[in-house]
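Going down the list, the protein sequences come from chains B and C.
All residue numbers for the first sequence refer to our numbering, where the first residue is 5 and numbers rise by one.
All residue numbers for the second sequence refer to our numbering, where the first residue is -9 and numbers rise by one.
All C-beta atoms in this analysis are idealised placements derived from N, C-alpha and C, irrespective of residue type, glycine included.
Just so you know, these numbers come straight off a predicted model, no measurement behind them.
Presented below is the structure to which this report refers.
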Amino acid sequence: AQSVTQLDSQVPVFEEAPVELRCNYSSSVSVYLFWYVQYPNQGLQLLLKYLSGSTLVKGINGFEAEFNKSQTSFHLRKPSVHISDTAEYFCAVRGFRAAGNKLTFGGGTRVLVKP
Amino acid sequence: DTEVTQTPKHLVMGMTNKKSLKCEQHMGHRAMYWYKQKAKKPPELMFVYSYEKLSINESVPSRFSPECPNSSLLNLHLHALQPEDSALYLCASSQATGNTGELFFGEGSRLTVL
């Protein structure tokens, strides 16, 4: 079984400032890691994923995340945010052999970008 | 642009009504999913279909009845729902279960039960 903790439920940030969203997980097996974004009144869109290889993963819209196996973390960063980045961000994990590709989501982090 | 299409976008129904949510994808994916998302909460898995067969039911009440008529379509039939079933229902698809492919989500159907 897996669990995911997103340490910040809300992150206010000024436009053009950097942002970091923290995600820690626990699992008894190896996992795949994902970050999804949900804009208001929309579904989830994949930002990036870590499957294997380089621990620094680049995604869409200028986001990147770094997998740290020793700290069981997968923090998401963006060097300069835009108003349009206002959204809910979900970190998710899936065990290598998870039945049905079952994703375990964190509680979400709401990012509010202020002008 | 999402390639998973859900209809209707909004649905209001009474507790005695029967309605259905529909989901369609044309990416050739062989796994499809229903998730339920309450306000300010993460999505919760309800059902997984793999190659048109139900592979996971996360102990969902029988008032929710999924159906997968073919590899492109997924329905969720609703009957005798309760107000607490009001939520955003998300459909997703992936290439198959048991691989590294990510899930592609639709925009959801927002359900209100009166």
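Taking the beta strand (DSSP E) that residue i belongs to, which residues open and close that run?
| i | result |
| --- | --- |
| residue 36(B) | 35 to 42 |
| residue 46(C) | 43 to 47 |
| residue 26(B) | Counting along the chain, residue 26(B) falls outside any beta strand (DSSP E), and DSSP gives it neither H nor E. |
| residue 8(C) | 8 to 15 |
| residue 52(B) | 48 to 54 |
| residue 11(B) | Counting along the chain, residue 11(B) falls outside any beta strand (DSSP E), and DSSP gives it neither H nor E. |
| residue 99(B) | 91 to 99 |
| residue 38(C) | 34 to 40 |
| residue 118(B) | 113 to 118 |
Taking Cβ to Cβ, would you say residue i is nearer than 9 Å to residue j?
| i | j | result |
| --- | --- | --- |
| residue 148(B) | residue 79(B) | Residue 148(B) falls outside the range modelled here, since chain B spans only 5 to 119, and no answer is possible. |
| residue 62(C) | residue 15(C) | yes |
| residue 60(B) | residue 69(B) | yes |
| residue 107(B) | residue 98(B) | yes |
Kindly say whether residue i, judged by its beta-carbon, lies nearer than 9 Å to any beta-carbon of chain C.
| i | result |
| --- | --- |
| residue 91(B) | no |
| residue 40(B) | yes |
Counting only beta-carbon separations shorter than 9 Å, does residue i have a partner in chain B?
| i | result |
| --- | --- |
| residue 15(C) | no |
| residue -7(C) | no |
With hydrogens ignored, establish whether the beta-carbon of residue i is closer than 8 Å to any heavy atom of the ligand SAH.
| i | result |
| --- | --- |
| residue 64(B) | Looking for the ligand SAH in the displayed structure turns up nothing, as the structure carries no ligands at all. |
May I have the straight-line CA-CA distance separating residue i from residue j, to the nearest angstrom?
| i | j | result |
| --- | --- | --- |
| residue 42(C) | residue 21(B) | 46 Å |
| residue 92(C) | residue 13(C) | 18 Å |
| residue 8(B) | residue 79(C) | 22 Å |
| residue 6(B) | residue 94(C) | 21 Å |
Check your understanding: How do the segment 73 to 90 of chain B and the segment 20 to 35 of chain B stand: do at least 3 beta-carbon pairs fall below 8 Å, yes or no?
Key -> Touching, yes.
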